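**Q**
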Amino acid sequence: MSTLIELSGFSKNFGDTSVLRDIDLSVKEGEVVVILGPSGCGKSTLLRCLNGLELGHAGSLRF
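In this text, residue positions in the sequence shown follow the numbering used here: the first is 36, and each later residue adds one.
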């Protein structure tokens, strides 16, 4: 199976607040992924970065 999305060392900050820190994620064709966590942990920010609505500050995002 080929990799559809790959995050490597991905980080996102808002000012001095680090929202996503050093995220590594690989999603292959046919996989189902659930993003789960408490309120305020960065789930929506991660989705916004994956959609190109927000830019990361470090690491790489490949499609």
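Cβ coordinates follow ideal geometry from the N, Cα and C atoms, glycine included.
The structure displayed is predicted, hence computed values, not measured ones.
Please return the same chain residues whose Cβ sits closer than 8 Å to the Cβ of F45, not counting the five positions on each side in sequence.
**A** Contacts found: L55, D57, I58, D59, L60, C84, G91, A93, G94, S95 and L96.
**Q** Using DSSP with H/G/I as helix, E/B as strand and the rest coil, what is S53?
**A** In the structure shown, S53 sits in a strand (DSSP, three-state: E or B).
**Q** Please state whether DSSP places L39 in a helix, a strand or coil.
**A** Correct three-state label for L39: strand.
**Q** Straight-line CA distance for S74 to L81?
**A** Their backbone Cα atoms lie some 13 Å apart in a straight line.
**Q** Buried or exposed: which applies to L39, given that a residue is buried once 16 or more other Cβ atoms fall within 10 Å of its Cβ?
**A** L39 should be labelled exposed.
**Q** What is the residue span of the beta strand (DSSP E) that S95 lies within?
**A** Taken as a continuous stretch (DSSP letters only), the beta strand (DSSP E) holding S95 covers A93 to R97.
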